[in-house]
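Participant: Residue numbers (my numbering): 5 to 94. Heads up, the beta-carbon is just placed ideally off N, CA and C, and yes, glycines get one too. Predicted model only: the values in this text are computed from it and were never measured.
1. What does residue 47 pair with, by DSSP beta-bridge criteria?
2. If contact is defined by three or more beta carbon pairs under 8 Å, each pair taking one atom from either stretch, is the region 42 to 49 in contact with the region 62 to 81?
3. On the CB-based measure, 16 or more other CB atoms within 10 Å of its CB, does residue 72 come out buried or exposed?
4. Starting from the C-beta of residue 47, find all residues in its chain whose C-beta is less than 6 Å away, skip the five residues before and the five after it, and write them out in chain order.
5. Is any heavy atom of the ligand GTP found at a distance shorter than 8 Å from the C-beta of residue 27?
6. Pick out whichever of 26, 33, 55 has its Cα sitting closest to the Cα of residue 15.
In structure tokens form, the structure reads like this:
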């Protein structure tokens, strides 16, 4: 059986490390969205080689149906820790 993995969003950039909340209603994930043309070119060049560059990432939360995507405030710490690890890409 083959597991198909997909990004939590369709936004350009890195969207990874998704986890469901313990109740399964929310997904928390890491994000890096390149903003300048130079950042976009660099991101796409690395992507062609299946690479990513370490960078400052933001924490986003969305509903389990992938709607209502929003960034957590900088001062917030996500408290979505599942009792067992279930990634959102399975």
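Facilitator: Here's the rundown:
1. Residue numbering aside, residue 47 sits at position 43 when the chain shown is read from its first letter. When DSSP reads this structure, residue 47 sits in no beta bridge, so it has no partner.
2. The region 62 to 81 vs the region 42 to 49: no contact.
3. Within the chain shown, numbered from 1, the residue matching residue 72 stands at position 68. The C-beta of residue 72 has fewer than 16 other C-beta atoms within 10 Å across all chains shown, which makes the residue exposed.
4. Stepping through the chain shown from its first residue, residue 47 is reached at position 43. Excluding sequence neighbours, residue 47 sits near 38.
5. As far as ligands go, the structure on display features none, and thus does not contain the ligand GTP.
6. The sequence position of residue 15 within the chain shown is 11, counting from 1. Looking at the Cα atoms, 33 is the closest of the given residues.
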